[in-house]
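Asks:
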Ligand code: G16
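Numbering (this note's numbering), first residue to last: 16 to 563.
Structure below.
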């Protein structure tokens, strides 16, 4: 067996994928993400890194997802998935950044040799990877660069084709748990649809069938998956799929999808003639890992049911089931949010449950949620899931209920553990979860929305020459750099009743993000624009774009 890097092979393949000299790549909030046309060398190198990560973990299968999720269509990206189906270990994000920036093939080999040494990788171990891509036009070309990376390391690879990000995470976990007592499911797309639809049917058995649900698929890969899921659901839930044009150039995430709805706080224009007052609708994002619900009231006014509202709905439902099951002393539920969580949601949840605030990025929320018996995590943008710890799963299987009501509640909890994609936020799994709770509570969108009243809020973004000049602390709620800017922001906040605002660099787009909320809509808008103005001035005016 070979115990050194195949230098000649790497060198010759790497020469086919030169790094553009003017770009610095960074493994950010959700992997590498930038203009698809610049990512060829990154994909090749990620292929090698995935193989090395697998070797480091004794040949366990690593996932690679080629997607830029909510970003505009010309962007693309790539992220690595660890064997449990969760995000790449943080230390390796640094390795990935270093390796992606090696300027020549020989520098690349030097960087790889250094990683092999520092991470103590036994190169004689096998390398196994599974990969997928979303529907972006740049996807096929980038995938072939990725495959060259696998080839350079003689990795065994499985192509999962065009799939949603959560399906890829699901496959990774299934492959790595296959044949063990922790088997997560059948490692196929069909296995995924079967697992979700079977548990959904169990959970809604005996409940009135919900009226059809309108699903805005963002013209992305979620359209293909939702179509499949619709068939498995049969007449237990009818999904009316909209924005399903996966091959129309420029359509992806354009004036539709979860990010559009959340940021603009309005209906995708394409739904205006489709959605009737009182009807439920939801939007997925470009790779179907985020979900936002909404409805129009009797007067046709739009109401948003975002990730915070999903967290409140779901957490309350699980707490109630745990209580009915007679397990409230043994199973503790906690919630994880980020600074973007609406202040009203945080207050609502804190009155009922432990709540933790962490920096943006599913990886941060996921790790914090793992510390609870049941950890409910959702970003306000609709990205999230629920994690049941292994001891909790064991407890649910071993528990001997003493009444029929307890028994039913435990069965429901067990079915929820099957319905929820516990590897990562999953729009389709989360959608079924929401539908289960609505069916059980007989809630309309309006009743769900009335759990608490959102504080008016506004998101804005400012393009700046160097977003890394903006550094934060306290779970991104305060800026430490540029010096003095936080003091100016604080002074502004103090002028607005119920004012809260923060500024942070995006990890997925080349912008600085601004969030603001206040007691009144006009004030939230004004505060956001004024804070964005401060960022714009600080960044040097001329080279920054006007806040949007
Ligand atoms: C990704 C991350 C999310 C994050 C979002 C925005 O979502 O997975 O956790 O909230 O980017 O991040 P940022 O504000 O740093 O740009 P997605 O759906 O685009 O993969």
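C-beta: ideal position from N, C-alpha, C; glycine also.
Go ahead and pull the three-state DSSP assignment for residue 90.
Replies: Three-state result, residue 90: strand.
Asks: Just the C-alpha distance for residue 251 and residue 476, rounded to the nearest angstrom, thanks.
Replies: About 41 angstroms.
Asks: Under three-state DSSP, which class holds residue 196?
Replies: Three-state result, residue 196: coil.
Asks: Bridge partners of residue 231, per DSSP?
Replies: Residue 231 pairs with 257 and 298.
Asks: Determine the contact status of residue 468 and residue 359, defining contact as a CB-CB distance below 8 angstroms.
Replies: Going by C-beta atoms, residue 468 is nearer than 8 angstroms to residue 359.
Asks: Would you mind working out which of 551, 483 and 553 sits nearest residue 523, comparing C-alpha positions?
Replies: Looking at the Cα atoms, 483 is the closest of the given residues.
Asks: Looking at the ligand G16, does it come within less than 7 angstroms of residue 377, judged from the CB to the closest heavy atom?
Replies: Because some heavy atom of the ligand G16 lies under 7 angstroms away, the Cβ of residue 377 counts as near it: yes.
Asks: Determine the extent of the alpha helix (DSSP H) in which residue 431 is found, giving its start and end residues.
Replies: Taken as a continuous stretch (DSSP letters only), the alpha helix (DSSP H) holding residue 431 covers 419 to 434.
Asks: What separation, rounded to the nearest whole angstrom, lies between the Cα atoms of residue 205 and residue 182?
Replies: Roughly 10 angstroms between the two C-alpha positions.
Asks: Would you mind giving the Cβ-Cβ distance between residue 124 and residue 64, rounded to the nearest angstrom? I have them listed as a contact below 8 angstroms.
Replies: About 13 angstroms separates the two Cβ atoms, so there is no contact after all.
Asks: Which whole-angstrom value is the C-beta distance of residue 212 and residue 248, which I expect to be below 8 angstroms?
Replies: That belief holds up - the Cβ atoms of residue 212 and residue 248 are roughly 5 angstroms apart, short of 8 angstroms.
Asks: Taking the C-alpha atoms as reference points, what is the distance between residue 532 and residue 112?
Replies: Taking the straight line from one Cα to the other gives about 35 angstroms.
Asks: Roughly how many angstroms lie between the CA atoms of residue 167 and residue 66, to the nearest whole one?
Replies: C-alpha separation (whole angstroms): 9 angstroms.
Asks: Is it the case that the CB of residue 398 approaches a heavy atom of the ligand G16 more closely than 7 angstroms?
Replies: Yes - the ligand G16 has a heavy atom lying nearer than 7 angstroms to the Cβ of residue 398.
Asks: By Cβ distance below 8 angstroms, which residues in the same chain neighbour residue 235 in space, the five residues on each side in sequence not counted?
Replies: These residues qualify, in order along the chain: 149, 150, 261, 267, 268, 272, 299, 300, 301, 302 and 303.
Asks: Please state whether DSSP places residue 559 in a helix, a strand or coil.
Replies: At residue 559 the pLDDT is 49, less than 50, meaning the model places this residue with poor confidence; the figure from the coordinates comes in the next sentence. It is coil, neither helix nor strand.
Asks: With DSSP collapsed to three states, give me the class of residue 289.
Replies: Looking at residue 289 - three-state DSSP - the assignment turns out to be coil, as it is neither helix nor strand.
Asks: According to DSSP, residue 77 sits in a beta bridge with which residue or residues?
Replies: DSSP, once it has assigned bridges, lists 144 as partnering residue 77.
Asks: If I follow the unbroken alpha helix (DSSP H) through residue 530, where does it start and stop?
Replies: Where residue 530 is concerned, there is no enclosing alpha helix (DSSP H), although the beta strand (DSSP E) it sits in stretches over 527 to 532.
Asks: Determine the contact status of residue 355 and residue 396, defining contact as a CB-CB distance below 8 angstroms.
Replies: Yes, these two residues count as a Cβ contact at 8 angstroms.
Asks: Between the beta-carbon of residue 525 and the beta-carbon of residue 478, is there less than 8 angstroms?
Replies: Yes. Within cutoff.
Asks: Between residue 74 and residue 192, what straight-line distance do the alpha-carbon atoms span, to the nearest angstrom?
Replies: Roughly 13 angstroms separates the two Cα atoms.
Asks: What is the DSSP secondary structure of residue 56, reduced to helix, strand or coil?
Replies: Residue state, collapsed to three classes: helix.
Asks: Can you list, in chain order, the residues of its chain whose CB lies under 6 angstroms from that of residue 534, leaving out five sequence neighbours each side?
Replies: Within the same chain, residue 534 has close Cβ partners 512 and 513.
Asks: Give a yes or no on whether the C-beta atoms belonging to residue 180 and residue 82 are separated by under 8 angstroms.
Replies: It is a contact, given that the beta carbons lie within the stated cut-off.
Asks: Would you call the stretch 439 to 447 in contact with the stretch 284 to 295, where contact means no fewer than 3 C-beta pairs closer than 8 angstroms?
Replies: Flag = no, the stretch 439 to 447 and the stretch 284 to 295 do not touch.
Asks: My parser needs the beta strand (DSSP E) runs of 3 or more residues fully inside the stretch 102 to 160; what are they?
Replies: Here the runs fully enclosed are 143 to 148.
Asks: According to DSSP, what are the bridge partners of residue 382?
Replies: DSSP, once it has assigned bridges, lists no residue as partnering residue 382.
Asks: Extract the residue ranges of the beta strand (DSSP E) inside the stretch 333 to 421, only unbroken runs of 3 or more that lie entirely within it.
Replies: Qualifying beta strand (DSSP E) stretches, in chain order: 348 to 352, 370 to 372, 389 to 393 and 399 to 403.
Asks: From residue 33 to residue 56, what does the alpha carbon distance come to, in whole angstroms?
Replies: Roughly 6 angstroms between the two C-alpha positions.
Asks: Mark residue 79 as exposed unless 16 or more other C-beta atoms lie within 10 angstroms of its C-beta, in which case mark it buried.
Replies: So residue 79 ends up on the buried side.
Asks: From the DSSP output, read off the bridge partner residues of residue 43.
Replies: In DSSP, residue 43 forms a bridge with 46.
Asks: Looking at the unbroken alpha helix (DSSP H) that takes in residue 38, where does it start and where does it end?
Replies: Note, residue 38: premise wrong, no alpha helix (DSSP H); not H, not E.
Asks: Less than 8 angstroms between the beta carbons of residue 86 and residue 54, yes or no?
Replies: Going by C-beta atoms, residue 86 is not nearer than 8 angstroms to residue 54.
Asks: Cβ of residue 184 within 7 angstroms of any heavy atom in the ligand MG?
Replies: The ligand MG is absent from the structure shown, which contains only the ligand G16.
Asks: Return the bridge partner residues of residue 177 from the DSSP annotation.
Replies: Bridge partners of residue 177: 148.
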